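All remarks here apply to the structure that follows.
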Amino acid sequence: MANIQLRNVTKSYGAAHVIKGVDLDIRRGEFMVFVGPSGCGKSTLLRLISGLETITSGDLLFDGQRVNNVLPSKRGIAMVFQSYALYPHMTVYDNMAFGMKLAGSSRAEQDARVRKAARMLQIEHLLDRLPKQLSGGQRQRVAIGRAITRDPRVFLFDEPLSNLDAALRVATRLEIAKLHHEMSDVTMIYVTHDQVEAMTLADRICVLRDGRVEQVGTPTELYERPGNIFVAGFIGSPKMNFLRGRFAAEHACHTLGVRSEHIDVVAEGEGPWTGRVVHTEDLGSDNYLFVDLGAEEPVIVRQPGKVAIHEGAVVTLRPKAGMLHRFDEDGLPVQRPLAAE
Amino acid sequence: MTTTATGAAAYAPDRGETGLQEQRARAAFWFLAPMLLMLFFVAAWPLLRSIWFSFTDTTLNNLYGGEWAGFQNYLTWRELPSGRIRWGGTLADPAWWNAVYNTVRFAVISVGLETLFGLLIALMLNAEFKGRGIVRAAILIPWAIPTIVSARMWGWMLNDQFGIINHMLLSVGLIDSPIAWTARADTAMIAVIVVDVWKTTPFMALLILAGLQMIPRDMYESARIDGIHPVRVFFRVTLPLLKPAIMVAVIFRLLDALRIFDLIYVLTPNSSATKTMSIVARENMIDFNRFAYGSAQSTLLFAIIFLFVTLYIWLGRVDLTGEGRR
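Chains as they are written, first to last, in numbering that gives the first Met the number 0: chain A, 0 to 340; chain B, 0 to 325.
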């Protein structure tokens with residue numbers, strides 16, 4: 000329900016500059032994911048938006064109004080914390096009603112809102128329990144439910160899945176995606192260090208590094224047209240292969256990037272690269288070959304299904320035409336076309 | 000697959016595992032043994048011995064010559080020729096009951112004040128400010144000073160002739176003439192409580208501070224986003240979460256306060272307004288050469304402390320589960 004705009008926002012703790020001038024537009028009803036390696040400032044940025052931290056300089060606008068000095072509770076936000084932040088001495092019901100109760104809303108309204116949120120998240124049967132009687136996934140749902148009862152304009156998630164095990168993480172990810180569809184007019188901002196979460200949940204992703212925005216775009220844009228070598232390496236699993244030296248020189252660039260699924264294994268003589276398979280990883284659905292081409296690191300090649308190529312085999316590789324990413328010395332994409340193409 | 004499965008079954012690690020369990024239990028026992036041995040010699044043995052003494056007629060000059068005397072040290076009665084019954088023993092001794100009253104009054108008031116001040120100081124120390132480390136260390140100083148030293152120090156400060164406290168109160172006009180704080184019956188207990196509070200509040204503050212730091216920060220942040228007033232957060236979130244820490248701190252202090260001896264022995268010797276159970280027991284055992292009688296009082300002191308602590312834990316537990324079910 001709110002457009003959020005950041006105008007040259009910075010945050011410093013004494014001499015440490017954590018956020019170094021961020022400009023960002025988050026649209027109404029959008030699911031925006033902040034992603035980046037640890038220490039990139041993504042959580043700090045979220046906390047600046049929530050008002051839990053004060054902005055050092057720059058402007059934060061909600062629907063065009065400057066909210067830099069507005070109390071967190073007056074911003075119309077709700078936040079889901081990584082550690083859930085449930086009150087251990089209160090039941091699920093009380094946890095969800097706590098904010099409303101002290102805000103002085105009527106008992107009937109409290110009850111209606113708590114029950115509605117509980118129904119959305121299928122935690123109605125847990126309302127009388129204490130947090131310690133719940134599993135991690137249930138606690139996270141309660142935390143989300145508590146945020147829903149606030150009826151926020153903006154929903155903030157601070158790494159909500161990182162305390163869950165892998166299977167629960169996938170299930171809860173689906174829940175959050177569903178929630179986004181059901182509350183389509185609520186703006187959601189989600190912080191994660193996991194690029195898979197970012198790719199699967201986001202309408203748009205904001206990649207951060209070292210307190211700066213590296214690139215903002217839809218998951219597809221980021222995947223297909225990374226704005227620089229950092230984004231190229233950060234988005235996608237396994238990591239994009241980077242080749243320098245003669246491999247890059249052939250394509251008139253400093254670093255050549257190619258994703259593992261964009262390399263084919265071909266018959267001898269039909270591809271430009273030849274190397275020995277030094278390691279294989281069989282994931283059932285896919286097979287990853289680690290091929291030593293004589294570059295700095297082995298090149299990872301993704302082969303769908305079962306492939307009868309074993310360690311020690313010598314293979315010839317051919318990158319798919321048009322799927323190469325070329326970067327210059329500064330890590331920026333090379334714009335001019337290849338002479339050969 | 001089948002072969003490996005049966006292979007594993009044939010390995011039957013059952014016996015091996017119990018063996019390991021036994022080994023662990025044995026190792027644990029040997030680690031505990033020195034402690035158990037020490038506890039026996041410094042706690043259990045003296046305790047049992049003094050309980051034994053309390054049922055004999057032992058005197059200080061003949062520690063091993065005491066003979067069984069039953070409950071004589073606790074309660075005796077004799078019918079006088081006039082028909083009146085004359086009671087004897089500790090339980091009929093007004094000095095003893097005065098000591099019980101003094102001890103309980105002292106313990107309740109001083110521990111109450113220490114908890115209150117300790118909580119306030121802990122809340123202050125939990126806030127972020129410059130020089131917090133130094134303040135935390137400084138606040139420990141009263142606790143670090145040996146009781147005898149601080150009792151002497153306060154004794155001088157409270158002195159009626161030369162004491163700085165009288166001097167200060169006189170110069171601001173709060174009192175007209177110097178007060179002999181430690182000697183007067185109506186102020187002696189106040190003096191003792193003030194010194195004890197001064198001395199042990201830091202201990203309370205640190206224990207509560209440890210509890211405060213266990214409360215996750217995002218609990219408060221969540222409350223901030225909900226816009227809950229800090230005072231309400233304190234009573235609805237902080238205090239309930241701090242309760243276990245406070246309970247433990249209070250029980251430590253209560254145990255200490257109920258057997259208070261050194262402070263009173265130095266600060267207000269021989270004042271019946273402050274004589275506690277420990278003081279009276281020692282007096283009988285050593286000064287009056289009524290060793291068995293003093294032992295009976297020590298035993299009663301132990302029983303009273305035991306009762307207090309049991310009651311406290313029991314009531315505390317009931318309260319806790321009551322809260323848990325809201």
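We treat Cβ as the ideally placed atom computed from N, Cα and C, and that holds for glycine.
All figures in this text were calculated on a predicted structure; none of them were measured in a lab.
Taking a contact as a CB-CB distance under 8 angstroms, the pair Gly57 (chain A) and Val69 (chain A) does not count as one, their CB atoms being some 15 angstroms apart. In the three-state reduction of the DSSP assignment, Asp263 (chain A) falls in the strand class.
Looking at the DSSP output, Asp285 (chain A) bridges to A:Pro303.
Nearest to Gly321 (chain A) by alpha-carbon distance, out of A:Gly256, A:Asp164 and A:Ile3, is A:Gly256. Nearest C-alpha to Asn283 (chain B) among B:Leu31, B:Gly64, B:Asp92 and B:Ala32: B:Asp92.
Between Lys131 (chain A) and Tyr83 (chain A), the alpha-carbon positions lie close to 12 angstroms from each other.
Chain-ordered, the chain A residues with CB closer than 9 angstroms to the CB of Arg231 (chain B) read Leu101.
Taken through DSSP and simplified to helix, strand or coil, Asn125 (chain B) comes out as helix. If the five residues before and after Ile178 (chain B) are omitted, its C-beta is found closer than 7 angstroms to the C-beta atoms of Asp159, Asn165 and Thr186, all from its own chain and listed in chain order. Counting C-beta atoms within 10 angstroms of its own C-beta, Asn60 (chain B) has fewer than 16 neighbours from the protein chains shown and is therefore classed as exposed.
Contact note: Leu51 (chain A) reaches chain B through Glu220 and Arg223, using a C-beta cutoff of 7 angstroms and chain order. Between Thr89 (chain B) and Ala291 (chain B), the alpha-carbon positions lie close to 11 angstroms from each other. Taking 9 angstroms as the CB threshold, Leu254 (chain B) stays off the interface with chain A. With respect to chain B, the C-beta atom of Pro130 (chain A) has no partner C-beta closer than 9 angstroms.
The criterion of a C-beta distance shorter than 9 angstroms is satisfied by Arg317 (chain A) and Pro271 (chain A). Against chain B, the CB of Tyr86 (chain A) has a partner CB under 9 angstroms away; the residue lies at that interface. Only exposed fits Ser183 (chain A), as fewer than 16 other CB atoms lie within 10 angstroms of its CB. If you look at Gln109 (chain A), you'll find it in the alpha helix (DSSP H) that goes Arg106 to Leu120. Nearest in C-alpha terms to Lys41 (chain A), of all of A:Asn286, A:Gly20 and A:Ala111, is A:Gly20. Sequence-distant partners of Gly75 (chain A) (beyond 5 residues in either direction) whose C-beta falls short of 6 angstroms from its own C-beta, in its chain, are Pro151 and Arg152.
At the C-beta level, Thr273 (chain B) and Asn101 (chain B) come within 9 angstroms of one another. In its chain, beyond the 5 residues on either side, Leu160, Glu196, Thr199 and Leu200 have a beta carbon closer than 8 angstroms to the beta carbon of Arg172 (chain A).
In the three-state DSSP reduction, Lys10 (chain A) falls in the strand class (E or B). Annotation: the continuous alpha helix (DSSP H) that includes Glu181 (chain A) extends over Ala165 to Glu181. Looking at the backbone, the Cα of Val196 (chain B) and that of Thr267 (chain B) are separated by about 16 angstroms.
Taking CB atoms only, Ser72 (chain A) has a neighbour in chain B less than 9 angstroms away.
Taken through DSSP and simplified to helix, strand or coil, Leu257 (chain B) comes out as helix. CA-to-CA, the gap between Ala182 (chain B) and Phe116 (chain B) works out to about 27 angstroms. Pro225 (chain A) counts as buried, since no fewer than 16 other beta carbons sit within 10 angstroms of its beta carbon. Under the criterion of beta carbons closer than 8 angstroms, Ile227 (chain B) and Leu101 (chain A) qualify as touching, at roughly 5 angstroms. Interface residue (Cβ-Cβ distance to chain B less than 9 angstroms): Gln139 (chain A) is not classified as such. Straight-line measurement puts the Cα of Ile299 (chain A) at about 20 angstroms from the Cα of Ala248 (chain A). Proximity of chain A to Asp217 (chain B) at the Cβ level (cut-off 7 angstroms) is accounted for by Phe80, Ser82 and Ala84, in chain order. Nearest CB-CB separation between Arg149 (chain A) and chain B: below the 9 angstroms threshold. Between the C-alpha atoms of Ile147 (chain A) and Ala77 (chain A) there is a straight-line separation of about 7 angstroms. Note on Arg48 (chain B): under 16 other CB atoms within 10 angstroms of its CB, so exposed under the neighbour-count rule.
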